[in-house]
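2 protein chains.
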Amino acid sequence: MTMYQLLKQDGHARRGVFETPHGAVQTPVFMNVGTQAAIKGALSAEDLEQIGCQVELSNTYHLHVRPGDQLIRDMGGLHRFMTWNGPILTDSGGFQIFSLAELRHIKEEGVSFHSHVDGRKIFMGPEESMRIQSNLGSDIAMAFDECVKIPSPYEYVKDSCSRTFRWLERCKKALAAYNAQEDAVNPGQMLFGINQGAVFSDLRRDHMQRIAELDLPGYAIGGLAVGESHQEMYDTIELVEEYMPKDKPRYLMGVGTPGNIIEGVARGVDFFDCVMPARNGRHGHLFTWNGIINIKNEKYARDDSPIDPQCGCPVCRRYSRAYLRHLIKADEMLAMRLSVMHNLSFYNELMLRIRTALEGGTFQSFRREYTQKLDTRI
Amino acid sequence: MTMYQLLKQDGHARRGVFETPHGAVQTPVFMNVGTQAAIKGALSAEDLEQIGCQVELSNTYHLHVRPGDQLIRDMGGLHRFMTWNGPILTDSGGFQIFSLAELRHIKEEGVSFHSHVDGRKIFMGPEESMRIQSNLGSDIAMAFDECVKIPSPYEYVKDSCSRTFRWLERCKKALAAYNAQEDAVNPGQMLFGINQGAVFSDLRRDHMQRIAELDLPGYAIGGLAVGESHQEMYDTIELVEEYMPKDKPRYLMGVGTPGNIIEGVARGVDFFDCVMPARNGRHGHLFTWNGIINIKNEKYARDDSPIDPQCGCPVCRRYSRAYLRHLIKADEMLAMRLSVMHNLSFYNELMLRIRTALEGGTFQSFRREYTQKLDTRI
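Chains as they are written, first to last, in the numbering used here: chain R, 1 to 378; chain H, 1001 to 1378.
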């Protein structure tokens, strides 16, 4: 049984729908990142509902450290805890362990490391990651993997890919067992495998072929957007995509700019996530359909128009550039909230326009018009 | 003509209604403080509408310094700038000049001081304060006064009161002139006088009698909640209230706890404002009808109930104590927003219950039940 239905194709680009225990996801989709069960910038679950969010993404590592996945399980799972009733995807924790945690030690069983919050020693392997994600009760659990740095030596990446594959087999087995328990928070929880291999073509291809054989509900391309060039990233997607099952959704982890997303869609990707819209928002860099504006610019001091006159988000419907600029200059928290809310709205609207273009057969002209423009600072 | 209508009395306590150019205010009322044209904690104008705010309070000094009152005038005034269409009261700047600004120098004309933001030299006297408030276009402009420290020497306070009276005459004349200009932002803008005199009974009384003769639309008691005891504050209100016009609203500036407000109402006060609900909210101290809880307390870690089961605010309708505690422990901005939103809702609801009690003749029993209880940490 597959949860993914391909509705239409344009070249490699796909318009589809993915069923989850908390509703259907129209793809391509951008997932809104709420690492610690909250969106940075004081956005609430109501706000998420208002800005067209389809999938919320939280983080296994962060929630395990604080407040603890057992606590969230006791509170009825992540959906209930944060009052978000749509689909949720949880990161496996792998990426954070390899980017945030200190003194980590990798072995076949898993990884020992020290918490970035209080320094306490934690061990996480495939079974632990699945147990935590089962406690959180997300709709999509990500496989526990090693996210290798780029560049890394070929031999290291090769060994890492083999281990990540063995970890994936263990993840699959562990999650099936957790789902079968009668008190499972979300017994329909699905596992996505993650392709690794840095920028080594043969490792990427071999790893993708091996994980595809496990017939998981979805597959991600991991280990990109970590230092390689955009061209290397696009080349890797093209290479890997050929070996990804056509009847499963594909998720490009941690990517990226609006232009990156359009190019990812063009190469057959269905799911995206990135902290960029929130981070840019916090610095006053706001996305518009004409490019990126810096709201702190003096020229907006008396500008009564909305951030983007083409945008129908709750921020653009009500507030002026002048007011937003004042808030950010005056260090008001509300500046963060309105900026992040606009940027996330923009990303969600971008995906809607991409889906509409795919349905109408106009995606290639959409791509020509916007890939460069949306990433340009104006 | 008076804008204030006294609807009902219970001892000194008054239930009334005050007409402003942006709508009627049901009194007693608590004004929600948005110093820099935004409520601390990322609350938006929509949020204010949702939590029963009647009057928003912004600050002349802060807005003059940043973004500048001329800019706000150019943007159509403060109501339009911040998209809040209800009544607005602006502080005169006096309190901030005497508490925030550096190197101030007081003379008959006004005060020279250095901005707390960029150190630039600013001069503000009665005419400047009225010009700024006229540019902001608030509904209620506060008189420019000197807020003396408690304790201060008798002779100093006496001279200061005389000067503050002369400043008030100049404020009245200046605001009338600004209102008469055909491009006035809010030609119906009203001036409230401010009583000073520290805790010296004769100075308080004499000053109140003199400013009452100016027949202004409203009167405030200033210079309290700056270090004196609660009893001294209550004694001063009782003393001054006798000389305040019965047909004008009375505003007790910068006060206070829920208990202080109930006691202020009992002594004939109609308007209140305080940063406490926002500040307490930011520290996790949340008001309930049983007293103040500290949401950071371990006992709330798995508490699925709302902050206050009796509260119908947007936060209590949706979020659990456990989630709020997690947010504050995890340093999520959303913690601030939800905490401040609840506390301001609580204050607005407190005023509603006070008004209802006054209408139903049950204010004294309300007072006995809640004055102590609401200020108690539980």
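In this text, a Cβ means the ideal position worked out from N, Cα and C, and glycines have one as well.
Opening and closing residue of the beta strand (DSSP E) in which residue 363/R lies: Note, residue 363/R: premise wrong, no beta strand (DSSP E); alpha helix (DSSP H) at 363-370.
How about residue 1332/H: is its C-beta nearer than 8 Å to some C-beta of chain R? Yes, contact with chain R.
In DSSP terms, what residue 91/R is bridged to: DSSP output for residue 91/R lists 59/R as bridge partner(s).
The segment 1034-1048 of chain H: which residues have C-beta closer than 8 Å to a C-beta of chain R, in chain order? Under the 8 Å Cβ criterion, the segment 1034-1048 of chain H contributes 1036, 1037, 1038, 1039, 1040, 1041, 1042, 1043, 1044, 1045 and 1046.
Quick one, which residues of the segment 1080-1092 of chain H are near chain R if we go by CB-CB under 9 Å, in chain order? For the segment 1080-1092 of chain H, the beta-carbon criterion of a distance under 9 Å to any beta-carbon of chain R is satisfied by 1080, 1081, 1082 and 1083.
So, using beta-carbon positions, are residue 1292/H and residue 1377/H closer together than 8 Å? Contact: yes.
Roughly how many angstroms lie between the CA atoms of residue 47/R and residue 1008/H, to the nearest whole one? A straight-line Cα-Cα distance of about 41 Å links residue 47/R and residue 1008/H.
Closest to residue 1200/H by C-alpha separation, out of 1067/H, 1334/H, 1233/H and 1296/H, would be which residue? Taking only the C-alpha atoms, the option nearest residue 1200/H is 1233/H.
Residue closest to residue 173/R, alpha-carbon to alpha-carbon, out of 353/R, 198/R and 141/R: Here the closest residue by C-alpha is 141/R.
Status (buried if at least 16 other CB within 10 Å, exposed otherwise) for residue 1202/H: The residue is exposed, with fewer than 16 neighbouring Cβ atoms inside 10 Å.
Would you please state the rounded distance, in angstroms, between the beta carbons of residue 1196/H and residue 1222/H? I believe it to be under 8 Å. Going by Cβ atoms, the distance from residue 1196/H to residue 1222/H rounds to 6 Å, so yes, they are a contact pair.
Counting only the same chain and skipping the five closest in sequence on each side, list residues whose C-beta sits under 7 Å from that of residue 1308/H. Annotation for residue 1308/H: 1288, 1289 and 1316 place their beta carbon closer than 7 Å to its own, counting only its chain and skipping 5 residues before and after.
Does any CB atom of chain H fall closer than 8 Å to the CB of residue 74/R? So yes, residue 74/R belongs to the interface.
How far does the beta strand (DSSP E) with residue 8/R in it extend, from its first residue to its last? Where residue 8/R is concerned, the enclosing beta strand (DSSP E) stretches over 4-10.
Which residues mark the beginning and the end of the alpha helix (DSSP H) in which residue 208/R is found? Run containing residue 208/R: 201-212, per the alpha helix (DSSP H) assignment.
Cut-off 6 Å between Cβ atoms - residues of its own chain near residue 139/R, not counting five sequence neighbours on either side: These residues qualify, in order along the chain: 20, 21, 22, 87 and 88.
Would you tell me roughly how many angstroms separate the C-alpha atoms of residue 262/R and residue 371/R, rounded to the nearest one? Residue 262/R and residue 371/R have their alpha carbons spaced roughly 6 Å apart.
In its own chain, which residues sit with a C-beta less than 6 Å from the C-beta of residue 1165/H, not counting the 5 before and 5 after it? 1210, listed in sequence order.
Residue 1154/H to residue 36/R span [Cα, whole Å]: Here the alpha carbon of residue 1154/H sits roughly 56 Å from the alpha carbon of residue 36/R.
Quick check: the Cα distance between residue 375/R and residue 32/R, rounded to an integer number of angstroms? Taking the straight line from one Cα to the other gives about 19 Å.
Would you list the one or two residues that DSSP bridges to residue 1384/H? Any answer about residue 1384/H is impossible in this case: the structure gives chain H only from 1001 up to 1378.
Going by beta carbon distance, what residues of the same chain come within less than 7 Å of residue 1158/H, once the five residues before and after it are set aside? Cβ neighbours of residue 1158/H beyond the five flanking positions: 1203.
Those runs of the alpha helix (DSSP H) which lie wholly inside the segment 112-198 of chain R and span at least 4 residues: Secondary structure in the segment 112-198 of chain R: the alpha helix (DSSP H) runs of 4 residues or longer, each lying completely within the stretch, are 126-136 and 154-180 in chain order.
Distance CB(residue 1053/H)-CB(residue 1095/H) smaller than 8 Å: Their beta carbons are not under 8 Å apart, which means residue 1053/H does not touch residue 1095/H by this criterion.
Compare the C-beta of residue 114/R against all C-beta atoms of chain H and say whether one is closer than 8 Å. So, not an interface residue.
Out of curiosity, what's the CA-to-CA distance linking residue 117/R and residue 1049/H? Their Cα atoms are separated by approximately 38 Å.
Take residue 1243/H and list the residues in its own chain whose beta-carbon comes closer than 8 Å to its own, dropping the five residues that flank it on each side. 1205, 1208, 1209 and 1212.
Apart from the five residues on each side of it in sequence, which residues of its chain come closer than 7 Å, Cβ to Cβ, to residue 1127/H? For residue 1127/H, where only same-chain residues beyond five positions count, the Cβ hits under 7 Å are 1170 and 1174.
Would you say the beta carbon of residue 1129/H is closer than 7 Å to some non-hydrogen atom of the ligand COA? The model depicted lacks the ligand COA and carries no ligand whatsoever.
Does any CB atom of chain R fall closer than 8 Å to the CB of residue 1302/H? For residue 1302/H, the nearest CB of chain R lies under 8 Å from its own CB, placing it at the interface with that chain.
Expected contact under 8 Å - CB spacing of residue 71/R and residue 1301/H to nearest Å: Indeed, because the Cβ distance is near 6 Å, the residues count as touching under 8 Å.
Could you work out which residues of chain R lie near residue 1071/H, taking near to mean beta carbons separated by less than 7 Å? At a beta-carbon threshold of 7 Å, the residues of chain R lying near residue 1071/H are 301 and 302, ordered along the chain.
Only counting the same chain, and skipping five residues up and downstream in sequence, which positions put a Cβ closer than 7 Å to that of residue 1359/H? Answer for residue 1359/H: 1008 and 1015, listed in chain order.
Residue interval of the beta strand (DSSP E) (run including residue 39/R): First-last for residue 39/R: undefined, no H or E at that position.
Beta carbon of residue 143/R nearer than 8 Å to that of residue 192/R: It is a contact, given that the beta carbons lie within the stated cut-off.
Cα-Cα, which of 1330/H, 1068/H, 1027/H and 1123/H is closest to residue 1252/H? Selected option, being the one with the closest Cα: 1027/H.
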